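I have placed the structure first, in the form of structure tokens, so that the comments after it can refer back to it.
Chains as they are written, first to last, in our numbering: chain A, 432 to 883; chain B, 85 to 867.
What follows is the structure in structure tokens.
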């Protein structure tokens, strides 16, 4: 049997969607041995591409599933006849991410953001101790921003010199970031934004239009301006009268305060996350504990569309190429929602694999097919939206890679019990083309993983 | 000469008749009239003579032929004279003319001579002796001679008005043959069929068809010629019946039956008489004398029959008083006289069987092999066996057991599939770590953002529900545990009541908005101005210590955002808020006097009431009705419902539990859940009986806490066995349907420490999430 299958051949039609990997047009269906695995196919395509020495590792998608075994096994598993011409799509292989560095904090890390340029990359982290920190790439703490009286829930770069943070103390703060010397930098608060009545759990930034969005536990979504001149004055009663910190530090002159451009109410429960539509900056998506994904028109400050799912949504990420919005649920899965009005069903696809709530998601900067998710189960997962199987009622995607926390990996090696490590809930993830995948978690660390 | 000729001619006619006739017809009908005329007169005369002479000679065998010949001749004569086709009477025969003369000559009977011989009897009358009719050949047979007309001399024209033309010998009508229409006959004449003569057979009325050979023979005969070429007019006599050795002995005779045929045989009579004589004399006995043995057998048989009570049994309908005897099982292979070898016991088994006590044997015989059935000896135990069988039937009482063919699945109540009842918490989501020692109490604030817990370490901790991050830690005591935390059920401003030792502390979370904080503070401290504590005087005049006192917190507490402290004189174990958040009740089971055990406090005025002066049983826990002024108070074994406005007992529930631990009221207000330390969870429908509507015994240890979901049809209980069980409990408000209770999920994860498992459970106000706290110091969110 094995000898027979080793010599058996199957006709495959190779194709790809990435233009730089196109094989010559005249190559039609190719007969390959069914004993081939990914590596042999990859070598075959590289030969066709005449790449010479520098081989590009490739992966192969057959019927939306990655080829992980031999073709023969794949055919038998999926009940496909070897007589048919297989349509095989090849993509650049994903390399398993590897942990490069981890930056230690004093408290749980609630959010991470990355600003990268070819010259220098900066990592911003917000922590539950109320501080925001900027890190260089060599695990060097460049600057710390103090000012929030409660946990920082979200922190984002607006520009290389401007940072915004939101906190449980119901404020957003704008910071000026300056690289002063080699190895040091400064974070100075420039603006305090008052307007929310409860913890501001998330902030989204659109630098070109200098707009920010905030998601708050007071059920509202706030629109803010990053410029001091644009912003209206804040409501007086929201500004704390006696700030102890200010009393203690008499030198600091009070930071300017501003209010929101608009507070958009409509959610029935606390708003968990908000994000801009990546193609149209006047559209935003917000998810809430009230099970809904709302589409907002920022120009009119109106809710355009509401999609109700069966569970609380705790994170959101817009995928412009697929015209989908990924929403992480308080249960164990990610629902991909088509926010367009024409969409008939709420859930276009479900990504299953996490074992706990998904609280943060990030898009692959290089590809439109992959997203990264961080979950309370202590893992980050990379999902490929091409890898789909159809279940009875829904389309289900499975994760491609699982990034565990470094501490868990160590514990597994050493055989330590899971309970002794403590919590490893991931609170925030970011994916940058230069830096890689950055995640902050309950283990008080920012972990950087990269596919090298 | 004429006689001779006629004889000769007759013989000639026998064979080649057809040819002659045909010739004749040809000559006759179409072209040869002259010829026919020539043949004419002399022939007639000749025939006349011939016939007369002939008839005298006729034998029965030859008669039909001669008649036919005559008919033909007659017809030919008619043709000659009239040349028209008509049915011609046979009666115009010269021989019938003779008959009409009056002198009857039996020899000249015209018809059916084949059937009988005619002779003259003694009186000179004709006697018809019919030949025997062979039974197999009836008149219906196709071989039977064709029907002959028996109408005699009556002209056929007499029958013109009838559909028949006469009668056959058996009296049946001879039907007139179907005649074609004129056109048909014309067509027939044009298209002449083979053998057409234009004559009609007078006997049948059908057209007479003669073959060419027949006509030829007729023609030759009429010309007195030899009928055919190969005709020998003088053949050699063939001696069939004469001559030597050919004498025929006639087998049949008409002799009368001999007398001996019908007279009894003398010889037989003699023999019979001989036997009769012997019987009379007793030499021959008519039947065998029964021997003594035979008599005995007969008697036995009769006796046996007397005792066969079932001999005449008729099947009776099934009834408890009339039960048929149970059937014996059919014999197996072992009981065969010639069993298969595998059923035969070997030596060892045989010994074993013989050694065994008779009562212990599994079967009471040993299989034995006999090569043939006739070699089988008598069954030694037959009588014994039958006796025992009878004994069984007679003595053993027979009870009819109706066999229950019930599918056990069908007995289970029809419950919906848990998968259809989603959402409900089914996995652990977030752990809130930090408490040292048992976590005794847990509460989620009305907005669903914060979680408060209190434990043995004397701290109250407020957590962010969604992240598991601690927001605030309030240390109330270093020695006493926090027994109760309870959020004021109004969302804003957030106020948390926590009971530690004998005081109740009101905490305003410092994380809440400044506006809310100030609001909460004013709300809590407003009572100081409005209601100055009036010390009550006892009968002796000494200031009776006030059972409850409201005061500002001590500085250590005030710095931890505690705004108000209420001191009671014993440790409250239950603190339950009224829906509007203005009143709350405390229950101190350890209180010395029952009157102070239960207190209802008004927060805005800082006043306390003790509505129960006397109470039967030890108070355990209490509840406010969500919409009506009703108060539920649980003692160890009873739950009493009081009307607060009327100040009287409305109802008493009898849950049947030995020690009630907790109560939870459905948000609709008509269903009460009671958890008890004796492992029972009791669902009371307040519109039904005071006894429980459902008793759920699913825990192996005491139930500590029970909670209804504020909005979804869910409830959960926490038990010392370390599990939280989630149930679907749907209440239909119209009251026509009872509540549906479906066990959904057992949430396991808490460890049992020192006999204590999960101590508290609480629901998120909107989501299908619940939190639980355990003796292991862990607080968990289940989603």
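Backbone N, C-alpha and C define an ideal beta-carbon position, used for all residues, glycine too. What you are looking at is a predicted structure, and each value in this text was computed from that prediction instead of being measured.
Could you please give the first and the last residue of the uninterrupted beta strand (DSSP E) stretch that includes residue i?
| i | result |
| --- | --- |
| residue 634 of chain B | 632 to 635 |
| residue 747 of chain B | 744 to 749 |
| residue 866 of chain B | 863 to 866 |
| residue 744 of chain A | 744 to 750 |
| residue 724 of chain B | 723 to 727 |
| residue 791 of chain B | 787 to 792 |
Quick check on residue i: buried or exposed, where buried means 16 or more other Cβ atoms within 10 Å of its Cβ?
| i | result |
| --- | --- |
| residue 743 of chain B | exposed |
| residue 864 of chain B | buried |
| residue 108 of chain B | Only weak support is given to the placement of residue 108 of chain B: the predicted model assigns it a pLDDT of 42, under 50, and the value that follows is read from those uncertain coordinates. Under this definition residue 108 of chain B is a buried residue. |
| residue 427 of chain B | exposed |
| residue 356 of chain B | exposed |
| residue 714 of chain B | buried |
| residue 675 of chain B | buried |
| residue 403 of chain B | exposed |
| residue 627 of chain A | buried |
| residue 689 of chain A | buried |
| residue 454 of chain B | exposed |
| residue 749 of chain B | buried |
| residue 820 of chain B | exposed |
Could you name the residues of the same chain whose beta carbon sits closer than 6 Å to that of residue i, not counting the 5 residues immediately before and after it, in chain order?
| i | result |
| --- | --- |
| residue 778 of chain B | 767, 825 |
| residue 680 of chain A | Annotation note: pLDDT 49 at residue 680 of chain A (below 50); position unreliable, coordinate value reported separately. There are no such residues. |
| residue 606 of chain A | 576, 594, 618, 620 |
| residue 444 of chain A | 460, 516, 518 |
| residue 642 of chain A | none |
| residue 814 of chain A | 782, 802, 828, 830 |
Which residue comes first and which comes last in the alpha helix (DSSP H) that contains residue i?
| i | result |
| --- | --- |
| residue 474 of chain B | 466 to 479 |
| residue 505 of chain A | 502 to 509 |
| residue 849 of chain A | 849 to 852 |
| residue 477 of chain A | 469 to 480 |
| residue 680 of chain B | 678 to 681 |
| residue 720 of chain A | No alpha helix (DSSP H) contains residue 720 of chain A, which DSSP labels as neither H nor E. |
| residue 495 of chain B | 492 to 495 |
| residue 300 of chain B | 296 to 306 |
Would you call the CB atoms of residue i and residue j closer than 8 Å?
| i | j | result |
| --- | --- | --- |
| residue 919 of chain B | residue 670 of chain B | Here chain B comprises residues numbered 85 to 867, so residue 919 of chain B is not present and cannot be evaluated. |
| residue 650 of chain A | residue 700 of chain A | yes |
| residue 811 of chain A | residue 804 of chain A | yes |
| residue 829 of chain B | residue 810 of chain B | yes |
| residue 466 of chain A | residue 503 of chain A | yes |
| residue 539 of chain B | residue 861 of chain B | yes |
| residue 803 of chain B | residue 785 of chain B | yes |
| residue 569 of chain B | residue 582 of chain B | yes |
| residue 875 of chain A | residue 535 of chain A | yes |
| residue 602 of chain A | residue 565 of chain A | no |
| residue 543 of chain A | residue 859 of chain A | yes |
| residue 832 of chain A | residue 455 of chain A | no |
| residue 706 of chain B | residue 725 of chain B | no |
| residue 647 of chain A | residue 702 of chain A | yes |
Specify the secondary structure class of residue i as computed by DSSP and reduced to three states.
| i | result |
| --- | --- |
| residue 201 of chain B | strand |
| residue 839 of chain A | helix |
| residue 344 of chain B | helix |
| residue 536 of chain A | coil |
| residue 355 of chain B | helix |
| residue 121 of chain B | Legend: pLDDT at residue 121 of chain B = 41, less than 50; position of this residue unreliable, value from coordinates given subsequently. Helix. |
| residue 775 of chain A | coil |
Keeping to the same chain, check which residues put their C-beta closer than 7 Å to that of residue i; ignore five residues upstream and five downstream.
| i | result |
| --- | --- |
| residue 417 of chain B | 423, 424, 427 |
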